[in-house]
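J.: First the structure, then my questions, so here it is.
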Amino acid sequence: MQLEKYTIDQHNEGLSASHKRKLSALTSDIANAEAILERLVAFQVAIPSWALGTGGTRFARFAGGGEPRSLEEKIEDIALLHKLNRSSGAISLHIPWDIPKNGAAIKVLAAQHGIRFDAMNSNTFQDQPGQPLSYKFGSMQHVDKAVRRQAVEHNIEVIEHGMALGSESLTVWLSDGSCFPGQLNFRKAFENTLESLQEVYSALPDAWKMFVEYKAFEPNFYSTTVGDWGQSLLYATKLGPKAYTLVDLGHHLPNANIEQIVALLLMEGKLGGFHFNDSKYGDDDLTVGSIKPYQLFLIFNELVEGMDARGMNHTTDLGWMIDASHNVKDPLEDLLQSVEAIMITYAQALLVDRAALQAAQQNNDVVRAQEALQNAFRTDVRPLVAEARLRAGGALDPLQIFRKENVREHLVKQRGLKTIATGL
Ligand code: LRH
Ligand code: MN
Ligand code: MN
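Using my numbering, read the sequence shown as starting at 11 and increasing by one per residue.
Put into structure tokens, the structure is as follows:
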């Protein structure tokens, strides 16, 4: 499916007058609009390869039609998204779901679309066909050294795939843990996991980072061996300077103060990156910003404040990834919504009057502090985000064009109705 540049230009022309009206009404009130626009244009969020098909639950999976049947088609789907919003110029792969048969050719294909390879994800939470040893009782924590070895070797293979593609980071998420009290010796499970992670760490190329992703529960329901940011930080600290904590928004116990976690990890120089999604109950993997947009804003507020305080580059110093996939929406439309939500929230956080907020904090003026945050959060910054897309060569309204051009129908024609993307 090709979306021609003139189609996007035509669409933009059609919306131009109303866009300009909204933009000038907004920017007349904003002192640093140009600086915000520059940052928005530069900002890129990686798309997870596993979100391009209709996700399932453990009860059922309803295929959506026209789903990508290969890694090449996944890259083509992300290229489509990137053409529309110019902010999705990266892909995060999952091995073995996305094993590239020819890494060099895949790298060239991605580069043709302006797409780079963000973090590689390993998978020791499922048994693969033909795999000699089972992960039923964990992988890196396992009581049997041979199982731990198998998990380490898999991670090293993932690094090798990533090197061929030009990726520079590995995300390790372990489902290791226990379902019942007494099942595990917590200390030994931690030590085994640390030793295994150390072996993987020592195989990391110089420029690489390792992200240790934590999750409170599921699939294990009594304990998880990398269960929260404290445990992840402990591993990352013991591993060394190339290891960082990865925050997946859906991996906390209910009502956790994620923005405070983010602020402290940043302070310690140990925040590696994000898996963005949203949730009401647990690891729901819903569209970013669809349930708790204020929480997302508070997280971005800490990110902007903390990254600026440490002189970090907003675009390159953290891994920005989406980890969402659901079963009732068109996955590409869902991803357009997720990226839009991230851009809106980032723009709002850039809009916060930092001097006013700091003064309010210094004076214990709780009311003004809240006003400083909510003034930004309640500003409709969508025209700014649309302008950033326009300047970068994208579409003013990506969803509108996606529907009008019947993108999904074209994909179904090309790929068939009953295709199933590889993945969860
Ligand atoms: C685990 C997780 C992890 C996996 C992905 C598929 O819940 O968030 O990041 O790699 O889902
Ligand atoms: Mn995740
Ligand atoms: Mn998850």
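Where is the CB? At the ideal position from N, CA and C, for every residue including glycine.
Mind checking whether P58 and S98 have CB atoms under 8 Å apart?
T.: Contact: no.
J.: Should K225 be counted as a contact of ligand 3 given a C-beta to heavy atom distance under 7 Å?
T.: For ligand 3, at least one heavy atom lies less than 7 Å from the Cβ of K225.
J.: Buried or exposed for N265, going by 16 or more other Cβ atoms inside 10 Å?
T.: N265 comes out exposed.
J.: Name the DSSP bridge partner or partners of I332?
T.: Bridge partners of I332: F286.
J.: For the pair the region 347 to 356 and the region 284 to 304, tell me if three or more CB-CB distances fall below 8 Å.
T.: In short, these stretches touch, since the Cβ pair count reaches three.
J.: To test your reading of the DSSP string, which unbroken alpha helix (DSSP H) runs of 4 or more residues are found completely within the region 232 to 288?
T.: Qualifying alpha helix (DSSP H) stretches, in chain order: 239 to 249 and 268 to 277.
J.: Any chance the CB of N165 is under 7 Å from a heavy atom of ligand 1?
T.: Result no, Cβ not under 7 Å from ligand 1.
J.: Hey, out of H262, N131, Q54 and A174, whose CA is closest to Y224's CA?
T.: Residue H262 is the option with its Cα nearest to Y224.
J.: Considering only the beta carbon of each residue, do C189 and Y145 sit closer than 8 Å?
T.: Contact flag unset, no.
J.: How about H104: is its Cβ closer than 7 Å to a heavy atom in ligand 1?
T.: At least one heavy atom of ligand 1 is nearer than 7 Å to the Cβ of H104, so yes.
J.: Compute the minimum distance between the beta carbon of H262 and the heavy atoms of ligand 3, and state whether it is under 7 Å.
T.: No, the Cβ of H262 stays beyond 7 Å of every heavy atom of ligand 3.
J.: Taking P142 as the reference, give the member of H164, P408 and D128 with the closest Cα.
T.: The residue with the shortest Cα to Cα distance from P142 is H164.
J.: Spatial neighbours of M130 within its chain, please: CB distance less than 6 Å, with the 5 preceding and 5 following residues excluded, ordered by chain position.
T.: Counting only Cβ-Cβ distances below 6 Å, and skipping sequence neighbours, we find L103, V168, G172, S177 and L180.
J.: Report the three-state DSSP secondary structure of M452 (helix, strand or coil).
T.: There is simply no residue 452 to check, as the chain begins at 11 and stops at 434 in what is shown.
J.: Provide the residue(s) that pair with V182 in DSSP beta bridges, ordered along the chain.
T.: Its beta-bridge partners are V222.
J.: Could you check whether the Cβ of H285 sits closer than 7 Å to any heavy atom belonging to ligand 1?
T.: Yes; taking the cut-off as 7 Å, the Cβ of H285 has a heavy atom of ligand 1 nearer than that.
J.: When you compare each of T389, N416 and P408 to K32 by their alpha carbons, which one comes out closest?
T.: When each option's Cα is compared against that of K32, the closest is T389.
J.: With 16 as the cutoff for other CB atoms within 10 Å, does N95 come out buried or exposed?
T.: Its Cβ being crowded by 16 or more others within 10 Å, N95 is buried.
J.: Relative to the C-alpha of G426, which residue among T37, E83 and G24 is closest?
T.: Among T37, E83 and G24, the Cα nearest to that of G426 belongs to E83.
J.: Could you check which residue in W107, R159 and D128 has the C-alpha nearest to that of Q138?
T.: Ranking the options by Cα distance to Q138, first place goes to W107.
J.: Assuming R413 contacts G76 (C-beta within less than 8 Å), just tell me the rounded distance between them.
T.: Wrong, their Cβ atoms sit about 14 Å apart, outside the cutoff.
J.: Can the beta-carbon of D128 be found less than 8 Å from the beta-carbon of M331?
T.: Going by C-beta atoms, D128 is nearer than 8 Å to M331.
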